[in-house]
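Here is the structure we will look at.
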């Protein structure tokens, strides 16, 4: 129900903002870019893809809405994490980011992200045949795994923390922070609010260079433009500063294709620009760490986004040294307290 209401709102907004010129085209696709997490010199990017087709009136309307293609990006490339119904939600816990992904197969995939590490922790299948219903109160993930069942997982330890039979269960807080609300249309789960997404900055054009505000980085324009669909995109790129690098992400774009007799060619819309083009190629993000790199994500083909990047592979995360020291310091302190109490009792 949450997704249905959200989609109706999205569709309404999209219809309001479709330009009148869209009637001159027989198809379109939109791409939105969302950086949901950064850690060290890595980032997670969610690409939202929507297709449009003609309605009975001839106007373009959304046909396949809001599929997210998720990528892990570091200095070596961009790696595909899979598709999801929504952008991953991110929570921080004891030195790591945990990313929760509502996959298209109905499962919730959990990734752990740290400095120089990224791994799949667990996958919980919802078995409801719909978008997974879940909530998070770190370190607990609660998923509705069946019509009458909730399962809680401690994602930090990757162990099942409990199972709740919904038959006869009352609304209330379970699993240390997740609230279960019984409603007319089923169970609603509420947990902690996720982390805010990183904020990028708009680049600025200066002569033949592209300047990244807040840094002393100026990139040669010709090197950047070589990886864009249109030269005019240069002033709309967004920069996300990492620890020792910068990630450059394209602006949200509407691509009109299959022009009818009233149109002269394909069209790109982004920001305040409307640019005629002959076609588009592979879509890339740019990564600067002393040298400029272009990482291909895939190619939109009007009916789908065809991913060309490799699948992500796990890079194991270990307990941060700071937390290990805290643990042993606590052990030593408890031991000292115990010895002190023992000798005081003997005296």
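Numbering (the working numbering), first residue to last: 1 to 347.
Backbone N, C-alpha and C fix where the C-beta goes; we use that ideal spot for every residue, glycine too.
Output needed for residue i: all residues of its chain with C-beta closer than 7 Å, excluding positions within five of it in sequence on either side, in chain order.
{"i": "residue 177", "result": "137, 140, 191, 192"}
{"i": "residue 33", "result": "45, 47, 249, 250, 252"}
{"i": "residue 271", "result": "236, 251"}
{"i": "residue 63", "result": "51, 52, 53"}
{"i": "residue 233", "result": "250, 251, 270"}
{"i": "residue 200", "result": "35, 238, 239, 240, 249"}
{"i": "residue 230", "result": "268, 275, 277"}
{"i": "residue 225", "result": "231, 234"}
{"i": "residue 114", "result": "39, 95, 96, 317"}
{"i": "residue 43", "result": "35, 37, 73, 240, 242, 247"}
{"i": "residue 84", "result": "68, 70, 101, 102, 103, 104"}
{"i": "residue 211", "result": "203, 204, 218"}
{"i": "residue 195", "result": "90, 91, 92"}
{"i": "residue 135", "result": "142, 178, 189, 190, 191"}
{"i": "residue 256", "result": "22, 25, 28, 266, 267"}
{"i": "residue 216", "result": "none"}
Identify, in the order they occur along the chain, each residue of the same chain with its Cβ nearer than 8 Å to the Cβ of residue i, setting aside the five sequence neighbours on each side.
{"i": "residue 208", "result": "220, 221, 222"}
{"i": "residue 187", "result": "133, 144, 150, 166, 180, 181"}
{"i": "residue 258", "result": "25, 26, 27, 302"}
{"i": "residue 158", "result": "121, 122"}
{"i": "residue 169", "result": "180, 182"}
{"i": "residue 385", "result": "This structure cannot settle anything about residue 385, because the visible part of the chain is limited to 1 through 347."}
{"i": "residue 314", "result": "118, 119, 120"}
{"i": "residue 310", "result": "77, 79, 80"}
{"i": "residue 365", "result": "With the chain running from 1 to 347 in the structure shown, residue 365 is simply not present."}
{"i": "residue 206", "result": "218"}
Can you tell me which residues form a DSSP beta bridge with residue i?
{"i": "residue 112", "result": "98, 119"}
{"i": "residue 76", "result": "Answer by DSSP bridge pairing: none, since residue 76 is not bridged."}
{"i": "residue 50", "result": "30"}
{"i": "residue 64", "result": "51"}
{"i": "residue 266", "result": "277"}
{"i": "residue 107", "result": "125"}
{"i": "residue 35", "result": "45"}
{"i": "residue 58", "result": "Residue 58 pairs with nothing; no bridge assigned."}
{"i": "residue 84", "result": "68, 103"}
{"i": "residue 138", "result": "For residue 138, which the question treats as bridged, DSSP gives no partner whatsoever."}
{"i": "residue 247", "result": "240, 287"}
{"i": "residue 272", "result": "None; residue 272 has no bridge partner."}
{"i": "residue 259", "result": "25"}
Near residue i, which residues of its chain fall below 6 Å by C-beta distance, leaving aside the five closest residues on each side in sequence?
{"i": "residue 243", "result": "40, 41"}
{"i": "residue 163", "result": "151"}
{"i": "residue 308", "result": "296, 298"}
{"i": "residue 146", "result": "127"}
{"i": "residue 125", "result": "107"}
{"i": "residue 282", "result": "296, 299"}
{"i": "residue 109", "result": "101, 103, 123"}
{"i": "residue 306", "result": "298, 299"}
{"i": "residue 155", "result": "98, 110, 121, 139, 141"}
{"i": "residue 30", "result": "50, 254"}
{"i": "residue 61", "result": "55"}
What three-state label does DSSP hand residue i in the structure shown?
{"i": "residue 89", "result": "strand"}
{"i": "residue 16", "result": "Residue placement at residue 16 cannot be trusted, given a pLDDT of 42 that sits under 50; what the coordinates show is reported in the next sentence. Residue state, collapsed to three classes: helix."}
{"i": "residue 322", "result": "Below a pLDDT of 50, predicted positions are generally treated as unreliable, and residue 322, at 49, falls in that range; the measurement from the model is reported next regardless. Residue state, collapsed to three classes: helix."}
{"i": "residue 312", "result": "coil"}
Flag residue i as yes when its Cβ comes closer than 7 Å to any non-hydrogen atom of the ligand MG, and as no otherwise.
{"i": "residue 258", "result": "This structure lacks the ligand MG, and indeed carries no ligand of any kind."}
Could you tell me whether any Cβ in chain C is nearer than 8 Å to the Cβ of residue i?
{"i": "residue 160", "result": "Going by chain labels, chain C is absent from the structure shown, which holds only one protein chain."}
> Taking one C-beta from the region 98–105 and one from the region 47–54 each time, how about it: are there three or more such pairs within less than 8 Å?
Replying inline: No: fewer than three Cβ pairs fall under 8 Å.
> What are the start and end residues of each continuous beta strand (DSSP E) run of 3 or more residues lying completely inside the region 146–234, in chain order?
Replying inline: Complete beta strand (DSSP E) runs here, min 3: 149–154, 159–165, 172–174, 178–183, 186–190, 204–206, 209–211, 218–220.
> Is there contact between the region 35–48 and the region 247–255, where contact requires at least three CB pairs shorter than 8 Å?
Replying inline: Note that the region 35–48 touches the region 247–255; at least 3 beta-carbon pairs, one per stretch, sit closer than 8 Å.
> Given 8 Å as the limit, is there contact between the region 88–95 and the region 291–311, that is, 3 or more CB pairs closer than that?
Replying inline: Judged by Cβ distances under 8 Å, the region 88–95 makes no contact with the region 291–311, as fewer than three pairs qualify.
> Mind pulling the beta strand (DSSP E) runs of 3 or more residues that sit fully within the region 277–303?
Replying inline: Taken in chain order, the whole beta strand (DSSP E) runs of length 3 or more contained in the region 277–303 are 283–288, 292–300.
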